[in-house]
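Q:
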Ligand SMILES: Cc1cc2nc3c(=O)[nH]c(=O)nc-3n(C[C@H](O)[C@H](O)[C@H](O)COP(=O)(O)OP(=O)(O)OC[C@H]3O[C@@H](n4cnc5c(N)ncnc54)[C@H](O)[C@@H]3O)c2cc1C
Ligand SMILES: Cc1cc2nc3c(=O)[nH]c(=O)nc-3n(C[C@H](O)[C@H](O)[C@H](O)COP(=O)(O)O)c2cc1C
Ligand code: SF4
Ligand code: SF4
Ligand code: SF4
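Protein chains in written order, with my numbering: chain P, 11 to 455; chain L, 94 to 527.
1. Please list the segments of the beta strand (DSSP E) lying wholly inside the stretch 102-153 of chain L, counting only runs of 3 or more residues, in order along the chain.
2. Taking Cβ-Cβ distances below 9 Å as the criterion, which residues of the stretch 68-95 of chain P are in contact with chain L?
3. Have a look at the DSSP bridge pairing and note the partners of residue 352 of chain L.
4. Please go through the same chain and pick out, in chain order, the residues whose beta-carbon is closer than 7 Å to the beta-carbon of residue 190 of chain L, but skip the five residues on each side of it.
5. By the three-class DSSP mapping on this structure, what secondary structure does residue 460 of chain L have?
6. For residue 306 of chain P, which three-state DSSP category applies?
7. Based on the DSSP output, what are the partners of residue 264 of chain P in its beta bridges?
8. Are the Cβ atoms of residue 350 of chain P and residue 356 of chain P separated by less than 7 Å?
9. Would you decide whether residue 511 of chain L is buried or exposed? Buried here means 16 or more other CB atoms lie within 10 Å of its CB.
10. Pull up the distance between the alpha-carbon of residue 11 of chain P and that of residue 305 of chain P, whole angstroms please.
11. Buried or exposed for residue 425 of chain L, going by 16 or more other Cβ atoms inside 10 Å?
12. Can you give me the C-alpha to C-alpha distance between residue 343 of chain L and residue 280 of chain L, rounded to a whole angstrom?
13. Tell me whether the stretch 237-255 of chain P and the stretch 409-423 of chain P touch, counting them as touching only if at least three CB pairs, one residue from each stretch, are closer than 8 Å.
14. Using 8 Å as the threshold, is the stretch 158-165 of chain P in touch with the stretch 177-186 of chain P, meaning 3 or more CB pairs across them?
15. What separation, rounded to the nearest whole angstrom, lies between the Cα atoms of residue 429 of chain L and residue 310 of chain L?
16. When every heavy atom of ligand 3 is checked, does at least one fall within less than 6 Å of the C-beta of residue 60 of chain P?
17. Could you please give the first and the last residue of the uninterrupted alpha helix (DSSP H) stretch that includes residue 462 of chain P?
18. Taking 7 Å as the CB-CB limit, is residue 530 of chain L close to chain P?
19. Just to confirm, does residue 425 of chain P get its C-beta within under 6 Å of one of the non-hydrogen atoms of ligand 2?
20. Tell me the rounded alpha-carbon separation between residue 128 of chain L and residue 185 of chain L.
21. What span of residues does the alpha helix (DSSP H) with residue 334 of chain P cover, start to end?
22. With a cut-off of 8 Å on the beta carbons, I'd call residue 149 of chain P and residue 174 of chain P a contact; round off their distance for me.
23. Relative to chain P, which residues along the stretch 464-488 of chain L have a C-beta separation below 7 Å, given in chain order?
24. Return the chain-ordered list of same chain residues with a C-beta closer than 6 Å to the C-beta of residue 333 of chain P, the five sequence neighbours on each side being excluded.
25. Closest to residue 142 of chain L by CA distance: which of L/270, L/218, L/463 is it?
26. Leaving out the 5 sequence neighbours to the left and right, which residues in its chain are closer than 6 Å to residue 526 of chain L when beta-carbon positions are compared?
27. Taking 8 Å as the threshold, find out whether the stretch 47-67 of chain P comes into contact with the stretch 378-397 of chain P through three or more Cβ pairs.
28. Residue 122 of chain L CB to nearest chain P CB: under 7 Å?
29. Could you tell me the distance, in whole angstroms, from the CA atom of residue 94 of chain P to the CA atom of residue 369 of chain L?
30. Taking the continuous beta strand (DSSP E) assigned at residue 198 of chain P, which residues delimit it?
31. For residue 52 of chain P, which residues in chain L fall below 8 Å Cβ to Cβ?
32. Using a Cβ-Cβ cutoff of less than 6 Å, which residues in the same chain neighbour residue 123 of chain L once the five nearest sequence positions on both sides are dropped?
33. Look up residue 284 of chain P in the DSSP assignment and say whether it is helix, strand or coil.
34. Please determine whether the Cβ atom of residue 476 of chain L lies at a distance below 6 Å from any heavy atom of ligand 5.
35. Residues of chain L with CB under 7 Å from residue 47 of chain P, in chain order?
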């Protein structure tokens, strides 16, 4: 154990490099061949399979599992990529426990689903190092601008490029991948997988990446509309919600997404500072990921405080269990009322809550948690949008084919209305937008 | 991607996967859905003579055996040929063929063993636009009691006679479907060839009783307290079918006659194996009945991936590739010495290999106090039993001793000369090696 393990304040090197490496290794170990075949053998090849319906990208799960069982994982990978070009990342990050695996008939039969996610990873991993499996159609001469290189943008770009259109991706950051690169928990996407997958995806050809190009600053929607035959917006949610409390700007009060982004980009996690006592506010996947990773970095006490009951948490039961298993404490039914700071954070005060007649009420009784670091994980929202775009709630309004109200402009992923904010949903929407863009450009619509 | 288009006795289909004559091909609804799912062709459920159709039992038709996890391994049935009127089937076949001209549609036929019956029905069926005929000489139950099906298929002279009648009647290809319920498959195959058949297809189902109900003391499937033998098919029959196909493909008299391989085809690999042993295409029944028509997608993707990997560009490329390597026991190389090898990293220490070898074979596997299992080369006869009982794939493999190494069991130095039983000193009939 290194010296600073129990040091107060926000400091680096609480645990040694070996421990750090093991803490951030794969959450789900990849299968070896034998394990994959045994796991695949359990699939019943269901008719009109429920798992397939539950998958937002409708991957033909029974078929790809059978292809693994019959010794052709490469064919299985093609089956997956036909529907979901980021099938490799989705295999790692999908909350399968609330998607395909939740409805697997073997979950019904034995309480143990076929491990679809891990099988998907087994299949997709076999071809990641090989040549790109799809061929581009002859070029059509049509051009498509994609804004944002996250899952939605990449899925859209790949599909339109495959159809023969020329694509330019405009990405605000210096690196692609979106939250695959900056948001997903490190133990879900190990060994720089997001960048490897991005490179592999670009193997289709016909996609030009332009980094450091931000819509609203460096480029404008009207400009893109002039220069391209179609525009796809996949900017995700770039702003974060605020607590609106005093001292929110105090040192060590941070936004969870930025913390995770910094963690994902760190070359050496032993150099990444973390508090001794950490509080995370929120109840979604981001809160869990921030809490768990804070703990794995060596924080002694991590508490996630959520304002509603545990069953209302957006994070799945599996994720809640994971947090608790890693030693993270979950406190529910408590809402932050004060940030205690003397320039630097020292504690946070919460009031208990209760649901009365369907509305959440803050009670008078409070408690205070001493802490030297606090992460806000209370949701992300849309950043500044071009005025022409119609909104639905707090997102860009789109129809069933991902069209926005502006002709020639499509949107998908977290920035667009409809669907859960998940990687796999972003892929589905990007892909569907691409199909509609293709149909439109080729004159079918 | 490899080209899977297939041409079998002049009948073209987009892939070599046909549905065998059976319930999956019993009606227009099924066949249309099968074609939509991707099947290359169908052999329509066996048609009978005009007039009131046969009737089926109204109780269970199937018996089954299962492997672990209730995986269906063998199916037995007591179904007869189509129980729908001839005209209905013909009208449906006509419509389907018209809508799917690129798919193979072959009519399976079984009428009484009379010249007139065969010569009348074939031209009528040909009007549907079907691509050929398959003569059902295989059905082992029910129809056989009426002098048809395997009752014909078990008498080579009848096969030859009926085949000849058919060939005299139609210019379409005639495939003779053989029953495995005989002792030597070469005789019916030869008879079909002599009668002028364009091809043989095999196997039809095998006489069987899958289980006995110990409460009612009757075989399953049980109809009102009684049962009868049925026809066995599915993965369990594949080895029997493969051997019969290989025998026809490699025997002087029958070699060269096109073969449609049937019996337990469930995955692309099964199909590739049939084709390697000489089948020009394959037919599938039980796998489709177990998993649905969609199963063909795995067969298509798997076969084409494997062909790509092997550099085979057409289906014809693989047909019969393994036939030259099917030989008689007496020609196997007795100087080829192998030993079992256990991969200690893969071993899960279940001890099954030990039990098998120690109790029932050659005492060639040792077991230590801490459950390490090791092959004793001085006892291992290389029987391969341990490989087959080990639950971990590839955990035990057979290693070939190279020439010059000493076989610790016999004390002999391994030679790379080929030497078989025909020249072995222990063989009283040995011919001296020259
Ligand atoms: C911490 C965290 C953990 C998560 N964990 C999971 C998980 O385990 N499983 C799961 O399924 N989902 C998870 N999600 C959700 C998932 O990451 C998102 O739903 C998904 O990434 C959305 O994809 P997207 O392409 O719509 O947006 P993003 O991934 O956000 O990508 C948007 C891209 O657009 C760029 N961009 C933004 N604004 C502009 C602009 N103005 N101009 C140009 N480019 C711009 C961004 O830099 C980014 O590259 C998690 C989210 C977070 C925040
Ligand atoms: C229920 C059932 C009915 C069958 N009916 C016929 C038939 O009418 N004509 C025929 O030639 N074969 C018939 N067969 C045999 C199949 O066509 C096929 O030869 C056999 O099932 C072996 O193939 P498989 O192992 O793929 O099932 C039938 C098989 C089954 C299971
Ligand atoms: S529901 Fe489960 S058993 Fe059925 S096809 Fe899907 S993974 Fe296989
Ligand atoms: S498979 Fe269909 S027809 Fe047969 S017993 Fe079941 S429900 Fe009845
Ligand atoms: S049967 Fe296989 S796994 Fe079991 S002890 Fe023997 S070698 Fe090991």
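We put the beta carbon where it would ideally sit given N, CA and C, even for glycine.
A: By the coordinates alone:
1. Within the stretch 102-153 of chain L, the complete beta strand (DSSP E) runs of at least 3 residues fall at 104-106, 110-112, 134-140.
2. 70, 72, 73, 76, 77, 79, 80, 81, 82, 84, 85, 86, 88, 89
3. Paired residue(s): L/293, L/372.
4. 198, 221, 222, 223
5. In the structure shown, residue 460 of chain L adopts extended strand secondary structure according to DSSP, grouped into three states.
6. Residue 306 of chain P falls in the helix class under three-state DSSP.
7. P/385
8. Remark: C-beta atoms of residue 350 of chain P and residue 356 of chain P approach each other more closely than 7 Å.
9. A residue is called buried when at least 16 other Cβ atoms come within 10 angstroms of its Cβ; residue 511 of chain L does not meet this threshold and is exposed.
10. For residue 11 of chain P, the predicted structure reports a pLDDT of 46, less than 50, and the residue's modelled location is therefore unreliable. A value from the coordinates is still provided. Distance between the alpha carbons of residue 11 of chain P and residue 305 of chain P: 15 Å.
11. exposed
12. Their backbone Cα atoms lie some 14 Å apart in a straight line.
13. yes
14. yes
15. 51 Å
16. yes
17. With chain P covering 11 to 455 only, the question about residue 462 of chain P has no answer from this structure.
18. What is shown of chain L runs 94 to 527, which leaves residue 530 of chain L out entirely.
19. no
20. 14 Å
21. 327-335
22. Contact annotation, residue 149 of chain P with residue 174 of chain P: C-beta distance approximately 5 Å; criterion of less than 8 Å satisfied.
23. 485, 486
24. 298, 301, 302
25. L/218
26. At residue 526 of chain L the pLDDT is 49, less than 50, meaning the model places this residue with poor confidence and gives no usable figure here.
27. no
28. no
29. 35 Å
30. Here residue 198 of chain P belongs to no beta strand (DSSP E), and DSSP marks it neither H nor E.
31. 162
32. 117
33. strand
34. Outside the cutoff, so no.
35. 486
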